[in-house]
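Colleague: Numbering (the working numbering), first residue to last: 1 to 437. The C-beta atom is built at its ideal place from N, Cα and C for all residues, glycine as well. I am attaching a structure below and will ask some questions about it afterwards.
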Amino acid sequence: MKISVFGLGYVGTVSVGCLAAEGHRVVGVDVNTDKVATLNSGTAPIVEPEIGDLISKSHKLGLLNATTSSVEGIAQTDISFLCVGTPSHNNGSLDLTYLKRVCEDIGAALAQKRTPHTLVFRSTTLPGTTEDVAVPILEKHSGKKVGEGFFVCYNPEFLREGTAVKDYYHPPKIVIGERKQGEGDVLAQIYGGIEAPFVRTSIRAAEMVKYSDNAFHALKVAFGNEIGILCKKLEIDSHEVMDIFCKDTKLNLSKVYLKPGFAFGGSCLPKDLRALSYQAKRHDVETPVLNAIMASNNAHVRGVINKILELGKKRVGFLGMTFKPDTDDLRESPLVEVIETLLGKGFSIKIYDKNVMISRLIGANKRFIEEHIPHLSSLLTDRIDEVVQSSQVVIVGYASPDFLPALKTMSADQLIIDLARIEGRDSLTAAYDGICW
Ligand SMILES: NC(=O)c1ccc[n+]([C@@H]2O[C@H](COP(=O)([O-])OP(=O)(O)OC[C@H]3O[C@@H](n4cnc5c(N)ncnc54)[C@H](O)[C@@H]3O)[C@@H](O)[C@H]2O)c1
């Protein structure tokens, strides 16, 4: 295939080297004349293991060259990878100067081209940038329409400097964001020989994946360091602790707890986080990440309360009251907090929670209910149909197969606020609002 790579920095140079090593004919394009001259001499313009050899071999085979001319880059190829920098402004916002400029250059070059061309955005950009910023510039300067005269995909780059070539051949995943199914086929072909989980999705989701990944990686580093510094103060070997932590691939290093939904609660997580933060404070250790977790959780609970308050509808039903299904434990349930706040503001509340109903009569929680939440106990009913029929708004607190048949009986003038992303939500007649989706 004939491929041009715009931007010969870390990402672009690695793409040039690896694509040419795979046998593609590659043209590197950069505004920096030194980088262009370096590549044209068969040398890599960046320091990175293995890349020098790949570039020198492909250069000798006549598989790669570089130019400062976007017109040449576009005219000589069928597909272009866009790898220009997207640095931060001083206020943290994304500087799109280079991206906009390269789109203007490429747009003008596309205007002179007869055959269709695919543009693959690899620079890290916030969701919406490709479709709302880059595409309009390309259309304006090319005089062509996206999806007709040219095609765009978003393909986030997951390489790490220092192991970039290895990461190219063994990526954690390959993600292709496309406007319409099929538009990314050419890219899928290019990556055909690489074994990795392969995902095709929307352009916006592909853009967001890159930010979720990097935010999580940064969070992991900060978390590990806070545990480490606290361990040092407590004279515990932090690496031993984290080695044990990492052995747990069921709850720690796993999918568990990562799906967006409602706040955490219960008798352990809030209590243990508070104790750990307090211990850190006692030892003069700063743990802003650990301290921020409860604040984030509380903000999430407030978000749900505000959402309900803003509706101005006073009859609210709750399906679920505990912090998760299949328990009667009400300690630190965020749903209890939501219910208590609404009650304080004069809302009329009805609650269905099978486990709490049983527990109120016989369970270990009977005393807790009688002593701590007698005012909520009286709002409980064992008739789910009564809750859904008499409420203007129904809050689904957790996922339970019991709920769907009752929710399906609700009418279009009622609203369901789903905190649990229940199965079968597409079959509902009532208005529907998912908390994080
Ligand atoms: N460096 C990494 O490890 C890494 C990893 C994944 C993703 N990314 C993302 O990839 C993008 C590129 O990162 P980088 O580190 O390779 O950047 P870089 O700053 O090293 O290189 C960018 C290159 O783009 C060139 N350029 C600027 N305007 C141009 C134009 N109009 N036409 C042609 N070339 C132009 C610059 O001269 C420079 O050589 C960024 O969005 C970054 O966030 C970087």
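#1: Can you check which of these residues, Q279, L335, T287 and L309, is closest to N297 by C-alpha distance?
#2: Which residues in the same chain as E183 place their Cβ atom closer than 7 Å to its Cβ, once the five residues preceding and following it in sequence are excluded?
#3: Taking all protein chains shown into account, do 16 or more other C-beta atoms lie within 10 angstroms of the C-beta of L230, making it buried, or fewer, making it exposed?
#4: I'd like to confirm something about F121: is its beta-carbon nearer than 6 Å to some heavy atom of ligand 1, or not?
#5: Starting from A111, follow the alpha helix (DSSP H) in both directions and report where the run begins and ends.
#6: Can you grab the Cα-Cα spacing for the pair T163 / L82, in whole Å?
#7: Going by the C-beta, is D34 closer than 6 Å to any heavy atom of ligand 1?
#8: Look at L99 and S80 and say whether their C-beta atoms are less than 7 Å apart.
#9: Is there at least one non-hydrogen atom of ligand 1 closer than 6 Å to the beta-carbon of T77?
#10: Say yes only if the C-beta of C83 is nearer than 6 Å to one or more non-hydrogen atoms of ligand 1, and no if none qualify.
#11: Considering only DSSP beta bridges, list what V120 is partnered with.
#12: Counting along the chain, where does the alpha helix (DSSP H) carrying Y398 start and finish?
#13: Between P127 and R204, which are expected to be in contact by the criterion C-beta below 8 Å, what is the C-beta distance as a whole number of angstroms?
#14: Please state the DSSP three-state secondary structure of L290.
#15: How is the beta strand (DSSP E) around G434 delimited, first residue to last?
#16: Go through its chain and collect everything with a Cβ distance to V36's Cβ below 6 Å, but skip five positions before and after it.
#17: Could you tell me which residues DSSP puts in a beta bridge with S348?
#18: According to DSSP, is L230 helix, strand or coil?
#19: Can you tell me the Cα-Cα spacing of G346 and A206, whole angstroms?
#20: Round the Cβ separation of L419 and V301 to the nearest angstrom and send it over; I've been treating them as touching at under 8 Å.
#21: Could you check whether the Cβ of D328 sits closer than 6 Å to any heavy atom belonging to ligand 1?
#22: Counting only the same chain and skipping the five closest in sequence on each side, list residues whose C-beta sits under 7 Å from that of K366.
#23: Kindly examine ligand 1 and report whether one of its heavy atoms sits closer than 6 Å to the Cβ of G17.
#24: I'd like the ranges of any alpha helix (DSSP H) spanning at least 4 consecutive residues and lying wholly in the segment 150 to 226.
#25: Does the segment 314 to 329 come close enough to the segment 275 to 286 that 3 or more CB-CB pairs lie under 8 Å?
#26: Since L379 contacts K350 with CB under 8 Å, what's their CB separation in whole angstroms?
Modeller: To lay it out plainly:
#1: L335
#2: F151 and C153
#3: buried
#4: no
#5: T97 to A111
#6: 21 Å
#7: no
#8: no
#9: no
#10: yes
#11: F81 and C153
#12: Here Y398 belongs to no alpha helix (DSSP H), and DSSP marks it neither H nor E.
#13: 4 Å
#14: helix
#15: A431 to G434
#16: D30, A66 and T68
#17: R315
#18: helix
#19: 44 Å
#20: Going by Cβ atoms, the distance from L419 to V301 rounds to 10 Å, so no, they are not a contact pair.
#21: no
#22: S359 and R360
#23: no
#24: 164 to 169 and 185 to 190
#25: no
#26: 6 Å
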